Amino acid sequence: MSVRSGFLVAIEGQSGVGKSTAARLVYEELQRLGRQVLLTRTPSPSKIGTFARAETFGLRGLELALLVAADRYHHERTVIRPAVADGAIVVCDRYLASALVLDPFDGVAPGLVRTIYQRLPPAGLTIILRGDPEMCAARIAARGFHSRFHSADPQVNERERAAYGGVVEELRRGGCSAVVHEVGSAAATTVAATAVAHILEYEECGP
């Protein structure tokens, strides 16, 4: 049986759904299974990405969108692409779907967002986590607001949740395998186990 060797997995979803925790647990489980794996995120820990994260309250619209896009392109070229070429499974907390959802929320025309990202290589697999808006908003309120895009309003969170569901077909048309996982009240370990199952299934599909 042929398997894929080296590919990018994007973990996506609304604010407060548990993306970062899921990505970390997925990384740990893939390591346990003996896979070569890299855990990363966008915006990245680079100088560009760190600045973008720090300035979500100061920069808006196109200026922030272009800064984050520059970081994604740079991170894909300098970190993600070499790791994939070396045979690693790269697990990335946020990637293209986040741009397709959040940039229009910030006033950037959806068509312009697509143009900005038209040369960004798609993830091999995107896993979109969707949770209860009340639960996600409560998590945000409890942990604090680290970004202008974080809101403790369940209605805002529901809008974001719906938008992530709405980009699935677009991702697929762009060459990415995309799945949606309804988190419900499942524990983080259960969510991660489901994500790992999707990754292993994708891996086994071969080149």
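If you number the sequence shown the way UniProt numbering does, the last residue is 207 and the count never jumps.
Beta carbons: idealized from backbone N, C-alpha and C, even for Gly.
Bear in mind the structure is a predicted one, so any value in this text is a computation, not a measurement.
Looking at residue j and residue i, is the spacing between their C-beta atoms short of 8 Å?
i: Ile48; j: Ala70; result: yes
i: Val101; j: Ala163; result: yes
i: Val90; j: Ala83; result: yes
i: Gly133; j: Arg172; result: For clarity, residue 133 is Pro in the given sequence; the question names Gly instead. Not closer than 8 Å, so no.
i: Ile11; j: Leu129; result: yes
i: Ala178; j: Val168; result: yes
i: Ala99; j: Val113; result: yes
i: Arg94; j: Thr42; result: yes
i: Gly124; j: Val9; result: yes
i: Val196; j: Leu30; result: yes
Going straight from the alpha carbon of residue i to that of residue j, what length do you get?
i: Pro154; j: Ser15; result: 11 Å
i: Phe7; j: Tyr73; result: 16 Å
i: Arg35; j: Ala88; result: 8 Å
i: Ala152; j: Arg143; result: 10 Å
i: Thr194; j: Gly131; result: 14 Å
i: Ala187; j: Val26; result: 13 Å
i: Val3; j: Glu203; result: 5 Å
i: residue 208; j: Val180; result: Summary: the structure shown does not reach residue 208, with the chain confined to residues 1 through 207, and so no result is reported for it.
i: Ile199; j: Leu66; result: 30 Å
i: Leu33; j: Ser185; result: 26 Å
i: Ala85; j: Glu170; result: 25 Å
Residue i bridges to which residues according to DSSP?
i: Gly13; result: Leu129
i: Phe149; result: Phe149 pairs with nothing; no bridge assigned.
i: Arg41; result: Asp93
i: Ala85; result: Ala85 pairs with nothing; no bridge assigned.
i: Leu8; result: Val90
Any heavy atom of the ligand GDP closer than 7 Å to the beta-carbon of residue i?
i: Ala69; result: As for the ligand GDP, it is missing from this structure, which has no ligand bound.
Classify residue i as helix, strand or coil using the three-state DSSP reduction.
i: Ser20; result: helix
i: Val167; result: coil
i: Glu76; result: helix
i: Ala186; result: coil
i: Val3; result: coil
i: Val180; result: strand
i: Val108; result: coil
i: Glu204; result: helix
i: Arg35; result: coil
When you compare the region 54 to 67 with the region 12 to 26, are there three or more beta-carbon pairs, one atom per stretch, that lie closer than 8 Å?
No: fewer than three Cβ pairs fall under 8 Å.
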